[in-house]
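In my numbering, the protein residues as written are 2 to 291.
Structure (structure tokens):
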């Protein structure tokens, strides 16, 4: 459990760092540099502690890890595209949706009985409906941007939920967490590298000054996100996705708090009501595990 608690804190801190950097520098450049550093850390750890791991992998396991990593990469890209214009509060709310999606999958397809699922689902659906319809009422938020962010954050939730479930299945086959982390970051890096080549017309001489400015915060962010992913996988290795989702509620709560403290995210009474309903629903889903 302690691994999941640490992971949740690191993810919330990472969200704060993303929001700060995205407001100042190129999105794709930041992702590429961060992934590159994270990959380096992962490869070093693999060669030091798991030098023979690749010899024991089967073709099907490699495919499963790759597909899960693609979902994770798409989730990350969707999140950052939305977060560039959106708020940490929005990110925190849609992180709660991931818990609901994972719980729903386990309830319907893994026969994990959730006695409060019906009531919890109503609370979550009503809460999300209220939250989405009230976004446009908050001062300073444009309707066009809000709709785009809702789509991107929703895509993020589905991609991250699918990635979490697939990685859970992989970990049940005793695949080291560090391998899943590193492969996922490799997939993100190559996807972003392709996008960056198509999106930017800047030369290396124009990009280099930006790299100089962001290298220190990106190094710090790489350490933070690697710690978050690795401790999250370690926690998931000893539990199931539902328990992991419950503990990870710390992430959206801290993310929302960071948004209010550092970016002055605006709330109203409907926002508070929707957050209360969603949180109550998630709590009810996981009540039997408390």
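Even for Gly, the Cβ is constructed at its ideal location relative to N, Cα and C.
Query: Rounded to the nearest angstrom, what separates residue 155 and residue 95 at their Cα positions?; Result: 7 Å
Query: May I have the straight-line CA-CA distance separating residue 34 from residue 78, to the nearest angstrom?; Result: 14 Å
Query: Can you give me the C-alpha to C-alpha distance between residue 72 and residue 191, rounded to a whole angstrom?; Result: 14 Å
Query: Where does residue 236 fall in DSSP's three states?; Result: helix
Query: Locate the alpha helix (DSSP H) running through residue 254, then write down its first and last residues.; Result: 251-264
Query: How long is the line joining the alpha carbons of residue 264 and residue 54, rounded to whole angstroms?; Result: 44 Å
Query: When you compare the CB positions of residue 8 and residue 236, do they come within less than 7 Å of one another, or not?; Result: yes
Query: Grab me the residues of residue 87's own chain with a C-beta within less than 6 Å of its C-beta, minus the 5 sequence neighbours each way, in chain order.; Result: 150
Query: For residue 1, which residues of its own chain have a beta-carbon under 8 Å away from its beta-carbon, when the five flanking residues on both sides are left out?; Result: The shown model of the chain, from 2 to 291, leaves out residue 1, and the question about it has no answer.
Query: Considering only the beta carbon of each residue, do residue 28 and residue 84 sit closer than 7 Å?; Result: no
Query: Looking at residue 183: is its Cβ nearer than 7 Å to the Cβ of residue 76?; Result: no
Query: Evaluate residue 51 with the Cβ neighbour count: other Cβ atoms within 10 Å of its Cβ, from every protein chain shown; 16 or more gives buried, anything less gives exposed.; Result: exposed
Query: First and last residue of the alpha helix (DSSP H) that includes residue 25?; Result: From DSSP, residue 25 is part of no alpha helix (DSSP H); its letter is neither H nor E.
Query: Would you mind stating whether residue 282 and residue 90 have Cβ atoms separated by less than 7 Å?; Result: no
Query: At the level of alpha carbons, what is the spacing between residue 170 and residue 269?; Result: 40 Å
Query: Grouping DSSP H, G and I as helix and E and B as strand, with all else coil, what is residue 141?; Result: For residue 141, the predicted model reports a pLDDT of 49, less than 50, meaning its position is unreliable and no value from the coordinates is stated.
Query: Of all the options 179, 66 and 58, which has the alpha carbon lying nearest to the alpha carbon of residue 228?; Result: 179
Query: Taking the alpha-carbon positions, what's the residue 214 to residue 31 distance?; Result: 11 Å
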